[in-house]
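Each residue of the sequence shown is one higher than the last, beginning at 17 in my numbering.
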Amino acid sequence: MMLAILIISVIVICIFVKGEDSCSCNVNSNLSSCNSCGFILKEEYNYCPNCKEKLKRKCEKCGQMIDVNWRACPYCE
Ligand SMILES: [Zn+2]
Ligand SMILES: [Zn+2]
17 MMLAILIISV
27 IVICIFVKGE
37 DSCSCNVNSN
47 LSSCNSCGFI
57 LKEEYNYCPN
67 CKEKLKRKCE
77 KCGQMIDVNW
87 RACPYCE
């Protein structure tokens with residue numbers, strides 16, 4: 017009886033942990049939020065659609081759109 021309870025609780029914990037992982041993973045990889053207003057942003061956005069905060073700038077050397085917070089362009093440097 018004790019063993020059955022133990023096994024069930026391990027399974028429940030596994031499901032819970034897995035669900036949490038995939039959830040936070042998806043949020044981190046695909047979405048970020050605006051530093052200014054917290055609006056959920058897609059990676060390809062150049063401006064925040066809510067507050068028009070500038071999110072990306074054009075690299076002067078290669079013309080790629082890069083994050084405004086990046087000091088160097090990862091595409092050409
Ligand atoms: Zn914003
Ligand atoms: Zn560049």
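Backbone N, C-alpha and C define an ideal beta-carbon position, used for all residues, glycine too.
Simplified DSSP assignment, three categories, for residue i
i	result
residue 42	Residue placement at residue 42 is poorly supported in this model, since its pLDDT is 48, which falls under 50; the coordinates are not used for a value here.
residue 91	coil
residue 47	strand
residue 70	strand
residue 58	strand
Distance CB(residue i)-CB(residue j) smaller than 7 Å
i	j	result
residue 62	residue 77	no
residue 74	residue 81	yes
residue 67	residue 53	yes
Residues that DSSP places opposite residue i in a beta bridge
i	result
residue 81	74
Heavy atom of ligand 3 within 6 Å of residue i beta-carbon
i	result
residue 76	Here the bound small molecules are ligand 1 and ligand 2; ligand 3 is not part of this structure.
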